[in-house]
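Data block below; observations after.
Right, here's the structure in full:
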């Protein structure tokens, strides 16, 4: 995604992977689709996010287990030696997501965590989170309003948690 032109005349960009396209790709896998649809019903115990008040009282979800519940994570990391004199030069900010509808055994694997956004930390400082997060916010709004079509069925969703 193009941000602007830097002082040196170079294009300043960041990488964004569409959450809607990724969710569609993930859910079109027959095993993932089966896992998504086979959520255990309430048994009186708090065993998933669907059993708590955060899901039941959420203005969008209102306890609907068929909507995709996304959890967003963010992390900053250094790709080079963080102890050297060039510390901070190659610092990146990443945003990941996972689908809370999947069973815990799926969500706890690295394959259950997906990259959504990768940007140089200095661009976050220069352009602000509003501009960096814009494509992600637009995708989430699209998922809430129009959903995605998976196996001929329209599936809606949104972000339930940001950590």
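Numbering (the numbering used here), first residue to last: 1 to 163. C-beta: ideal position from N, C-alpha, C; glycine also.
For residue 118, which residues from the same chain have a beta carbon less than 7 Å from its beta carbon, with the 5 sequence-adjacent residues on both sides left out?
14, 15, 92, 94
For residue 110, the nearest candidate out of 56, 127, 96 (CA to CA):
96
Do residue 136 and residue 116 have their CB atoms nearer than 8 Å?
yes
What are the boundary residues of the beta strand (DSSP E) that residue 96 is part of?
91-99
Report the rounded CA-to-CA distance for residue 100 versus residue 5, giving the unit in angstroms.
38 Å
Would you kindly work out how many angstroms separate the C-alpha atoms of residue 133 and residue 157, rounded to a whole number?
Answer to the nearest angstrom: the Cα atoms are 18 Å apart.
For the alpha helix (DSSP H) that residue 113 lies in, which residues bound it at each end?
Counting along the chain, residue 113 falls outside any alpha helix (DSSP H), and DSSP gives it neither H nor E.
From the DSSP secondary-structure annotation, give me the bridge partner or partners of residue 78.
In the DSSP assignment, residue 78 forms a beta bridge with 91.
Inter-residue Cα distance where the pair is residue 48 and residue 63
The straight-line gap from Cα to Cα measures roughly 12 Å.
Quick one: Cα of residue 150 to Cα of residue 67, how far?
Counting only the Cα atoms, residue 67 lies some 12 Å from residue 150.
So is residue 139 buried or exposed if we call it buried at 16+ other beta carbons inside 10 Å?
buried
In this structure, does DSSP put residue 4 in helix, strand or coil?
strand
Identity of the residue in 39, 120, 131 nearest residue 69 by Cα
For residue 69, the nearest C-alpha among the options comes from 39.
Which residue comes first and which comes last in the alpha helix (DSSP H) that contains residue 152?
First-last for residue 152: undefined, no H or E at that position.
Selected residue, minimal CA-CA separation from residue 31, among 126, 8, 103, 90
103
With 16 other Cβ atoms within 10 Å as the buried cut-off, status of residue 77:
exposed
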